[in-house]
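Asker: In terms of this note's numbering, the sequence shown has 428 at position 367, counting the first letter as 1, and numbering is strictly consecutive. Below are the structure tokens for one structure; questions will follow.
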Amino acid sequence: MRPRGPRAAAVEALLHQEQGGYANLVLDAQLDRSALAGRDRAFAAAIFYTTVERQATLDFILGQFLPKGVDRLDPPVRAILRSALTQARYMQVPAPAAVHEAVELVRAFGKSSAAGLVNAVLRKACNYDLSAASFEDEVQRLMVLGSAGRDVAAFLRQYYPDEALDILTAPADGGRTALRANPLKTTPEALADLLAGEGVEAVPGRVPGSLLAAFEGSPAASPLFAQGYFHVEGQASQLAALCVGARPGETVLDLCAAPGGKTLTLAQEMGDSGRLLSCDVTPKRVGLIRTAAGRMGLGCVEAVCNDAAKPNPAFPRADRVLADVPCSGLGILHKKPDIRYKTLDEPRRRQLLDTQRAILDCAAGYLKPGGRLVYSTCTIHPDENQAQIQAFLERQPDFRVVRPQPALPQGMEAGPLGALSVPSRTGMDGFFICVLQRD
62 MRPRGPRAAA VEALLHQEQG GYANLVLDAQ LDRSALAGRD RAFAAAIFYT
112 TVERQATLDF ILGQFLPKGV DRLDPPVRAI LRSALTQARY MQVPAPAAVH
162 EAVELVRAFG KSSAAGLVNA VLRKACNYDL SAASFEDEVQ RLMVLGSAGR
212 DVAAFLRQYY PDEALDILTA PADGGRTALR ANPLKTTPEA LADLLAGEGV
262 EAVPGRVPGS LLAAFEGSPA ASPLFAQGYF HVEGQASQLA ALCVGARPGE
312 TVLDLCAAPG GKTLTLAQEM GDSGRLLSCD VTPKRVGLIR TAAGRMGLGC
362 VEAVCNDAAK PNPAFPRADR VLADVPCSGL GILHKKPDIR YKTLDEPRRR
412 QLLDTQRAIL DCAAGYLKPG GRLVYSTCTI HPDENQAQIQ AFLERQPDFR
462 VVRPQPALPQ GMEAGPLGAL SVPSRTGMDG FFICVLQRD
């Protein structure tokens with residue numbers, strides 16, 4: 062029988078994570094199996110996500126005291142060592158408590174022979190002075206101090222050499238949860254007052270209409286969330302939706318919409334008047350959009366299952382189109398920590414670029430003359446951003462880049478091929494937004 066408790070659940074999730082899969086899905090499945098609730102569930106999630114994010118740093122420190130390295134350990138022992146060191150170094154758990162619980166877990170997982178090793182290694186690793194470490198090269202320094210895999214660290218070293226470590230370490234949105242007030246029900250100022258009544262501090266964000274809130278638990282636990290007073294969406298993502306310039310009565314397409322944050326912002330900008338087709342390729346994710354729109358009380362949203370990379374002759378000609386395309390995610394490393402360890406291999410990169418190109422061309426085909434197309438990504442890779450726009454303009458000479466109408470936050474400038482948010486410059490997610498006008 063497997064051991065129980067939040068630490069054991071986190072270790073189980075880490076074991077499944079090593080076998081592949083999205084971190085959030087792996088954790089949710091494990092937490093559901095564990096039947097943990099409340100603080101225990103939150104504690105297990107914090108251990109898991111912090112361990113996933115800090116893996117490169119943890120492995121470097123542990124490696125100083127493991128002659129054969131971390132990779133040679135039995136998987137349960139490896140996961141227990143990582144999670145215990147996470148608690149001691151990053152979660153304010155006293156080192157003796159973290160060590161004791163780790164030793165107990167090793168025994169509970171049937172690895173009693175490793176108890177002495179775990180005890181000895183952790184006692185040294187908890188006190189290791191990382192500032193005194195020496196590295197093979199700058200890429201390894203970024204990997205360890207910034208907690209990233211080699212491919213991501215090498216990418217940042219190549220394209221953002223002076224900002225690489227800041228990009229890896231600076232929390233997006235000030236470490237708070239970015240919200241958008243539903244203007245059909247409230248204002249940002251009134252919402253901040255209502256949240257204060259729930260004990261949640263919320264301050265204005267950098268994007269008009271946004272708030273940055275300090276929730277202790279999940280925002281979804283707030284009655285205001287259930288009543289549709291706000292939705293959770295990063296500031297840069299909100300900005301992309303605002304750049305569409307959707308107006309009441311228009312026909313608008315959101316081609317890659319799930320889980321639906323931008324759709325909600327678009328529908329609110331439309332005053333819930335007109336027709337908004339909100340699309341995703343999988344029925345389950347379309348269901349998420351439909352649920353979100355219902356919670357917010359938005360009737361103009363039509364959630365549709367559609368492959369954005371293939372033309373759909375049933376779609377109407379649109380006044381506005383948003384193509385927030387699939388991307389490498391290199392701008393949201395803090396929100397999806399498993400991206401830090403992605404392998405940026407050439408075949409997958411080419412496939413991704415081809416998909417983005419196909420979606421962009423389909424989006425253009427739906428647009429009326431004089432209409433507006435917004436292309437956006439949550440990456441800071443120029444091949445997926447400016448290079449895609451340059452190639453698109455060569456294929457589609459009746460389009461031109463125009464300056465976004467919403468004021469751009471400090472540190473984000475509009476260039477001839479679009480506007481880029483780099484986390485170290487804007488304090489927001491890494492994001493690319495290009496507004497295209499059809500003549």
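Ideal Cβ placement from N, Cα and C applies to all residues, glycine included.
What do you get for V463, buried or exposed, if any count of 16 or more other CB atoms within 10 angstroms of its CB means buried?
Answerer: The residue labelled residue 463 in the question sits at position 402 within the sequence shown. Per the 10 Å Cβ criterion, exposed.
Asker: Start and end of the alpha helix (DSSP H) containing H161?
Answerer: Reading the sequence shown from its first residue, position 100 is the one you call residue 161. Start and end: A156 to A169.
Asker: Buried or exposed for C439, going by 16 or more other Cβ atoms inside 10 Å?
Answerer: On the sequence shown, residue 439 is found 378 positions in, with the first residue counted as 1. Buried, by the Cβ-count rule.
Asker: Just reading off the beta strand (DSSP E) that G322 is part of, what are its end residues?
Answerer: Stepping through the sequence shown from its first residue, residue 322 is reached at position 261. Per DSSP, G322 belongs to no beta strand (DSSP E); it is in the alpha helix (DSSP H), G322 to E330.
Asker: Under three-state DSSP, which class holds S298?
Answerer: The residue labelled residue 298 in the question sits at position 237 within the sequence shown. Helix, per DSSP.
Asker: Give, in chain order, every unbroken run of the alpha helix (DSSP H) that is at least 4 residues long and sits entirely within the stretch 402-427.
Answerer: As far as the stretch 402-427 is concerned, its whole alpha helix (DSSP H) runs of at least 4 residues are 407-427.
Asker: As a quick exercise: from A70, Y83, G491 and Q201, pick the residue whose alpha carbon is nearest that of G295.
Answerer: Numbered from 1 along the sequence shown, position 234 holds the residue referred to as residue 295. Among A70, Y83, G491 and Q201, the Cα nearest to that of G295 is on G491.
Asker: At which residues does the beta strand (DSSP E) containing S279 begin and terminate?
Answerer: Stepping through the sequence shown from its first residue, residue 279 is reached at position 218. Segment: none, S279 is in no beta strand (DSSP E) and carries neither H nor E.
Asker: Applying the 10 Å Cβ sphere with the 16-neighbour rule, what's the burial state of F501?
Answerer: Past the boundaries of the shown model lies residue 501; the chain is included only from 62 to 500, so the question cannot be answered.
Asker: On the three-state DSSP scale, how would you describe A253?
Answerer: The residue given as residue 253 occupies position 192 in the sequence shown. Three-state DSSP puts A253 in a helix.
Asker: May I ask you to report which of helix, strand or coil DSSP gives T343?
Answerer: Start at 1 with the first residue of the sequence shown, and residue 343 comes out as number 282. Three-state DSSP puts T343 in coil, outside helix and strand.
Asker: Terminal residues of the continuous alpha helix (DSSP H) containing A263?
Answerer: The residue given as residue 263 occupies position 202 in the sequence shown. Counting along the chain, A263 falls outside any alpha helix (DSSP H), though it belongs to the beta strand (DSSP E) covering E262 to P265.
Asker: Quick one: measure Cβ to Cβ for P137 and F104, integer angstroms, because I've assumed they're closer than 8 Å.
Answerer: To locate residue 137, count along the sequence shown from 1; it is residue 76. To locate residue 104, count along the sequence shown from 1; it is residue 43. Going by Cβ atoms, the distance from P137 to F104 rounds to 19 Å, so no, they are not a contact pair.
Asker: How is the alpha helix (DSSP H) around V113 delimited, first residue to last?
Answerer: Mapped onto the sequence shown, residue 113 falls at position 52. Note, V113: alpha helix (DSSP H), G99 to E114.
Asker: Rounding to the nearest angstrom, what Cα-Cα distance links Y427 and A242 in this structure?
Answerer: Against the sequence shown, residue 427 aligns to sequence position 366. Against the sequence shown, residue 242 aligns to sequence position 181. Those two C-alpha atoms are separated by around 30 Å.
Asker: For C366, count the other beta carbons within 10 Å of its own beta carbon; 16 or more makes it buried, fewer makes it exposed. Which is it?
Answerer: What you label residue 366 is simply residue 305 of the sequence shown in a count that begins at 1. Classification for C366: exposed.
Asker: Less than 8 Å between the beta carbons of L359 and A328, yes or no?
Answerer: Taking the sequence shown and counting its residues from 1, the one referred to as residue 359 is at position 298. Taking the sequence shown and counting its residues from 1, the one referred to as residue 328 is at position 267. For L359 and A328, yes; Cβs fall inside 8 Å.
Asker: Pick out whichever of V496, S485, R115 and A354 has its Cα sitting closest to the Cα of G207.
Answerer: The residue you call residue 207 lines up with position 146 of the sequence shown. Of the candidates V496, S485, R115 and A354, the one whose C-alpha sits nearest the C-alpha of G207 is R115.
Asker: Under three-state DSSP, which class holds S485?
Answerer: Within the sequence shown, numbered from 1, the residue matching residue 485 stands at position 424. S485: helix per DSSP, three-state reduction.
Asker: So, do the stretch 304-321 and the stretch 375-389 have three or more beta carbon pairs nearer to each other than 8 Å?
Answerer: As far as the Cβ criterion goes, the stretch 304-321 touches the stretch 375-389, which means the pair count is three or higher.
Asker: DSSP three-state call for C366: helix, strand or coil?
Answerer: Within the sequence shown, the letter at position 305 stands for residue 366. In this structure, C366 counts as strand in the three-state DSSP scheme.
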